[in-house]
Every structure is written in C-alpha cells, then in structure tokens.
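Here is the structure we will look at.
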Amino acid sequence: MKNIALLGATGSIGEQTIDVIRQHKTKFKLFALAFGTNVEKAVPIIREFNPAIVVAGSEQAQREVKEATGHRTILIGEDGMEAASTAAEVDVVVNAVMGSVGLPSTLAAIRSGKTIAIANKETLVTAGHIVMAEAKKHRTPLIPVDSEHSAIFQALNGERVEDVRRLIITASGGSFRDNSREELQGVTVKDALNHPNWSMGAKITIDSASMMNKGLEVIEAHWLFDMPYDKIHVLQHRESVIHSLVEFKDKSVMAQLGTPDMRVPIQYALTYPERLDFEDTKSLELEELSKLHFQKMDMERFRCLKLAFDAGRAGGSMPTVLNAANEQAVAMFLKEEISFLEIESLVEKSLEEHNNVSNPSLSDIMEIDKETRNRVKRYVR
Ligand code: NDP
Ligand code: MG
C-alpha cells in the first residue's frame, strides 16, 4: 500500500489521479490532499477518502471545508502543503498544482526523500537547477506525469543517457493549430479553451494554444533528462497518439504510444517500475486510425516556442521570467484583460528587459518571479 499526498486535488490532473486511486484501492491510499479554493470539489473527495491531512488554500476555504466535513486536521497554504508533503507516512507526493506555487513544497518533499510524481512543469521551468540538484543530493526519484515526459522516461528505460542522439517531443498544436497568425488577432478565451485532443485545466489549455506549453515542456525535458537544448526537438503530431520519441546514436528510435488519456501516465508514475491493469482506458487500435500526421514546427508561427528555447539556452533567471510573465499574462487573458497575441508580446518584453542573473538562488527566483508578474501588470496598465 502506497500513501499518497496529492497537491492540487481539485484540478484536472488531481481529479484523474483520484480516479486512478479509486480503481486501485488496495494499492493506494489518499493520505493527504491539498487544494486551492474549490471547496465544492474538495468536500466530496474528503468525504469519500477521509484523508489524514487536508490543506486548503485560504482561511475561508479552510472554514468552509471544516463546516462541511468536520475534518479535524485542515492546514492552510504553503506551510500546510509542506507539512502534507513531508509527513512520515507519505510515500509518493503527486505535485499537480498549477504554477510555480508548487516549488517550496516540492523541494521540501525532495529533501525528505519522498518519491515525486511531477505534473507541475512550472516548478522545473522556474527552478530546474535547484530542484534537480536537490533530487540528486537526496537520491529522490522524480517521475514525470506529463505525457510527453512519461513517454521519454519509458523510452529511456534501461538506456544510457549518453547514447541518446535526440529527444523528439510531440505537439498536438492546440486549439489554433490550423489558424494563421493573422487569424489569431481577435480569438476569444472560449476559442482558446477548446482543445482538440485533451481536456485539461484552463492555464495549460491556453499554453497549448500559444505553444508555450511545448516551450515549458522543452525546458522540463532539459532538466528531467539532463539533455542539452540542441538535442531536444519538437514535432507537430495532431493525433496525440505518439506521446514522444527518443532517437539513439545508432538512429534507432523508441516511441511510446497510446490513446490520449492522462490517467495512463499518472498511473505509471504511481506504480513505476511496475505496471497495473487499467480496465477503464481504451486500447490503441491503429487500424481504426489508419493515418498519423507529422509536421515540422514553425518557430515563427509559434513564437512562444522560440522564446522558450531562447530562455532555456540563456539559462540563469531567464526561464523564471519566461514562466512568471506567462503565468501572469495567461491569467489576464483568461480575465479578458488582454488579447491572445499579447501573451507572447508581454513575455517577450519581460525577457528583453530582464538582466539575467546566473545561477539564481531560491530567494532570487522568488523575488524575480514576483517582480516579473508586477512588471507585466504595469505594462498592461
Ligand atoms: P488545474 O487548473 O485544473 O488545477 C490546478 C490545481 O492546483 C487545483 O487543484 C487548484 O486548486 C490548485 N491550486 C492552484 N493554486 C493553488 C494554490 N495557491 N495553493 C494550493 N493549490 C492551488 O490544472 P491542471 O490539473 O490542468 O494542471 C496542473 C499541473 O499539471 C500544471 O502544471 C500543468 O501544466 C500540468 N499538466 C497538466 C495536464 C493536464 O492534462 N491537465 C497535462 C500535463 C501537465 P483550486 O482549483 O481548488 O483552487
Ligand atoms: Mg504535456
């Protein structure tokens, strides 16, 4: 029996993680859960699983959950998430919160030697050098949940990193893959939230439409697999059936395929190195698909991808700025305060005006993150 601490239980990955736990009740126990403010979603989960620790994102959410469930151990905020992630009983921490808020609790969990199933890519983008150094130091396994990284992780099973020629990350193209740049001028939030292959949280769906999600994933792959940027390629593949590929020195290519269902990589992160049955997901019947499509990525059309590669290569605090500016801009787009194309121009301007700090400390990162968000708000005003 593995005890799980689930951060971001009320989100898209959170709900799907709960579904995996529900299907394997003799293997996994939801020991702790953290959520932000969605009390309506949190309450039934707490009633169903009665976790030992509940963490709410605000005092109001804490009060409301307490009234509804009578739960006795409801903690709050960042300190609460740290306590949940480091509790002695916990075996695996699933980090499925949205944004760089997940950083301190991820570091705390790493230091206490928990296995980390990491969905939260922003943590790796903003502070990859610190997270990976700590994971190495404490010999903490970091198992990817993101489907592309899970695919690469599986393709690399038993291989040597030095034998890799390149990683090929596939990209569905998001909601606007068939639109020209001109056609992106007046797109609405509703258009952007309409992803062709995956149902996900709002922020990552917007990131998929702008291709920033792929950019964040390139940086995520750089850190997770210790791979230079020149060896990371992105390939447009509209069906999301090949989740990613690895090419080795001898030009042999390993790919991982499956119907698009995030519960598969989530479950694998929880069971690795073993696998469990998964009755509830569909088998991949290639004859029903008959065709798969591939296309070279257009870096001019998808400018955010280029910005991410540039920020990743520049290193230092540039990825922190990329991520913070993007989080702030996407939040403003979702509130209809800026247009879709302004997301990339705000990120670009933030990067241009930032003086890169090499090897930033955790406090530098926190400071730069805050400063960047404020700067984006000022640009808009
Ligand atoms: P959602 O927006 O659906 O969920 C985010 C979760 O984080 C919610 O439970 C939310 O709580 C919680 N949260 C947000 N802010 C805070 C905070 N300050 N304190 C505590 N909890 C907080 O996001 P997704 O599930 O889509 O994505 C989560 C992460 O996984 C992201 O990093 C994303 O890039 C990554 N990912 C997601 C995929 C997907 O299919 N959805 C695929 C691959 C990666 P509440 O709603 O209660 O406020
Ligand atoms: Mg992904």
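Reading the sequence shown from the start, the letters are residues 630 to 1010 in the numbering used here.
Idealized CB from N, CA, C, for every residue including glycine.
Residue j beta carbon less than 8 Å from that of residue i
i	j	result
E751	N988	no
V649	A671	no
I790	F877	At residue 790 the sequence reads Val, which differs from the Ile that was named. Result no, Cβ atoms of V790 and F877 do not sit closer than 8 Å.
I739	T769	yes
I871	L918	no
L975	A954	yes
T755	T949	yes
A717	T646	no
V722	A800	no
K624	Y1008	Given that the chain is displayed from residue 630 to residue 1010, the structure contains no residue 624 and the question cannot be resolved.
M710	A681	no
I772	A746	yes
R932	E973	yes
H862	L796	yes
A748	D775	yes
P889	W827	yes
S779	K743	no
V818	F962	yes
L874	A937	no
K832	M727	yes
A958	V1005	yes
H700	I674	no
D720	K656	no
Coil, strand or helix - residue i by DSSP
i	result
E777	helix
F923	coil
N808	coil
K658	strand
I895	helix
T1001	helix
F877	strand
L864	strand
K964	coil
Q885	strand
L980	helix
L785	coil
L771	strand
Element boundaries [alpha helix (DSSP H), containing residue i]
i	result
R676	V668 to F678
Q691	E688 to T698
A681	First-last for A681: undefined, no H or E at that position.
N985	Careful: N985 lies outside any alpha helix (DSSP H) and carries neither H nor E.
I642	S641 to Q652
K935	R932 to A943
D820	V818 to A821
L918	L915 to L918
Where the beta strand (DSSP E) containing residue i begins and where it ends
i	result
T799	V793 to A800
A634	K631 to L636
What are the complete beta strand (DSSP E) segments, minimum 3 residues, inside the region 828 to 860?
Whole beta strand (DSSP E) segments, 3+ residues: zero.
Who's in the neighbourhood of the ligand MG, going by beta-carbon under 6 Å from any heavy atom, listed in chain order?
Working through the chain, the matches are D775, S776, E777 and E846.
Please go through the region 704 to 762 and give each complete alpha helix (DSSP H) segment of 4 or more residues, from N-terminal end onward.
706 to 715 and 732 to 740
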